[in-house]
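Below: one structure, written as structure tokens.
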Amino acid sequence: MAALLSSLPAPRHTAPVDEDEETTIPPYGQRRSWRPKTVQDFGDGGAYPECHVAQYPLEMGRKNKSSSGNTLALQVDSDGNVRYDAIAQQGHRDGKTVQSQFKDLVPMAHRTDIKDQLMERPSEEEVQSTAERTKAALEKLVNGKIKAAQPKNVPNTQGDVSYMRYTPSTGDGTKQRIIKMVEVVEDPLEPPKFKGKKIPRGPGSPPPPILRSPPRKVTAQEQKDWMIPPCVSNWKNNKGYTIPLDKRLAADGRGLQDIQINDRFAQFSEALYVADRHAREEVRQRSLMQQKIAQKEKEAKEENLRMLAQRAREERSGIASGSGPSRVAAGEVGGAAMPSALAGYGSDSDSEAASEDEGERSEEDEEAARQRDIIRKERNAENKRKMGMANMGTERRAKEMAKAQGRDISEKIALGLAKPTMSKDSMLDSRLFNQEQLSGSFGDDDSYGLYDKPLFSGSSAAAAIYKPRGANIDDEGNDVNLEEGISKSMQNDRFGLGVAGRGFEGADSSEVRDGPVAFEKDTLDPFGVDAFLETAKAGAKRGLDDRKDDPARKRARD
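Residue numbers (our numbering): 5 to 562.
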């Protein structure tokens, strides 16, 4: 190892070593220009008599001088800790309590460095003496202020007189004498002889202790929060930055201003709300009135429909062809409308009077005109319905008639078609009960029973299609009461839907049907082949019993 170290070159960079220079004291006889400055210059001995300067070996004889600067000496407490709170106690009078440590924040009851003797209450004598001294000090300050403010307290003009015996020190032979000493009277109006100069104020109260959290690393969010944006000016932009409008408005200070809202806005909003409420109430009243009017019109229309339906049924059935309730009702309506309809006919004088009274129509005339309009609309609707019935197909007509027969009881009552039950034994509607009985299996999944029952079973709608009812039937079998639109539509059948090009084999075309076309269900085994095969598969054996019963064998045996 030593050989290796010796083979290595010397280092280029070496740390300088500061060697303490030893203090060299010149020998005796050569100390004329030398002056001791430090304690080490004296060594263990005393002063140098040949050096005519003030010398303080080992700091003996030097007076303690307070430092003129603000630098404080390092102080430690009883535990050896540095007292950094000495800075807060500088400049205060002796005995003043300065709270500069953490223990000053701890309540007295929780502190462990205070003994019970120190926390005892003072005695009555101490409290009384302290109160008297405080009272005397306060009275002295107050009395001085009061006397200075009262002009009647003028000092004594004669002054205080004192006598003293004076003996001269000279030996000229003079005798002793008595001297009267009188204080010079102060003039209260004399201006002050000395100028009062204010001295600098003493240090104030120490700053309160501030408890801070331990230092920690600043996060990026805190740096962003502490980022102060540059000033945004409305007149200068030396750097040419593109400043967004929101940043410019934020720098304008508008968000810091208090917004004053006029009370008129609230009044205006309240007025709008009241107006809206009144308008809604008016609309509601108007809608209620319209509903009432529509209800009245609907009732009148239903009454007219009931009358027209009754008349149509009577005409179709041939019960009342020439006269009846329908004609009476029509006569009533016509009679009510006839005077107003014939009001314009007559002589010239009547027409002139009618033209003069045209602007003053009475309520009866208006009601008659309204009834005529209603009847006209109902008749137009009835004609359109009949025309639609005539133009629709046979199947559609059958459905409509079936629907008409299956009307609800409320509709029948409204149209006057409901008939009271003649039997008093049962007051229940038979339609509420199920008249059919379900099978035990509820139908198989593979069963094909869609057309197992007639389409219009137990209904007269099918008979009405193929065999019209009523007495008014022409030679061709058409109803005379229907409009001519049905016959025209049947004659103008462009697609040949009404007439078949070729009939079914075995069907009689001249036969009149009273219902829809009925198909016969084809049997699966018309010749009995399946039954024969099943018997053969059964394989009935010919036993002895069968032979006995066989008549052919009996005849052969005989």
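C-beta: ideal position from N, C-alpha, C; glycine also.
Residue i classed as buried or exposed, judged by whether at least 16 other C-beta atoms fall within 10 angstroms
| i | result |
| --- | --- |
| Pro213 | exposed |
| Met311 | buried |
| Pro40 | buried |
| Ala372 | buried |
| Ala402 | buried |
| Met342 | With a pLDDT of 45 at Met342, under the threshold of 50, the modelled position of this residue cannot be trusted; read the value that follows with caution. Under this definition Met342 is an exposed residue. |
For residue i, the three-state DSSP class (helix, strand or coil)
| i | result |
| --- | --- |
| Val287 | helix |
| Val222 | coil |
| Arg137 | helix |
| Ala560 | With a pLDDT of only 49 at Ala560, under 50, the local geometry of the prediction cannot be trusted, and no value is derived from it. |
| Pro233 | coil |
| Ala522 | coil |
| Asp369 | helix |
| Ala14 | coil |
| Glu318 | helix |
| Lys149 | helix |
| Lys67 | coil |
| Glu190 | coil |
| Ser127 | coil |
| Ile203 | coil |
| Lys41 | coil |
| Thr398 | helix |
| Ala92 | coil |
| Thr539 | helix |
| Ser273 | helix |
| Phe531 | coil |
| Arg216 | coil |
| Val110 | coil |
| Pro31 | coil |
| Val278 | helix |
| Asp377 | helix |
| Arg36 | coil |
| Pro195 | coil |
Residues bridged to residue i (per DSSP)
| i | result |
| --- | --- |
| Lys184 | Tyr167 |
| Val80 | Val86 |
Heavy atom of the ligand SAM within 7 Å of residue i beta-carbon
| i | result |
| --- | --- |
| Arg115 | Looking for the ligand SAM in the displayed structure turns up nothing, as the structure carries no ligands at all. |
- Inspect the CB distances between the stretch 302-309 and the stretch 379-388 and report whether three or more fall short of 8 Å. yes
- the stretch 51-67 touching the stretch 79-91, judged by at least three CB pairs closer than 8 Å: no
- Query: Below 8 Å, can you find three or more Cβ-Cβ pairs linking the stretch 199-216 to the stretch 91-107?
  - Reply: yes
- Query: Can we say the stretch 229-237 touches the stretch 246-262, given the rule of at least three CB pairs closer than 8 Å?
  - Reply: yes
- Item | Validate contact between the stretch 143-155 and the stretch 115-130 using beta carbons, cut 8 Å, 3 pairs | no
- If you pair each beta-carbon of the stretch 266-274 with each one of the stretch 284-298, do three or more pairs fall below 8 Å? no
- Message: Within 8 Å, do at least three Cβ pairs link the stretch 183-200 to the stretch 162-173?
- Response: yes
- Message: For the stretch 190-197 against the stretch 85-92, do three or more pairs of beta-carbon atoms, one drawn from each stretch, fall closer than 8 Å, so that the two count as touching?
- Response: no
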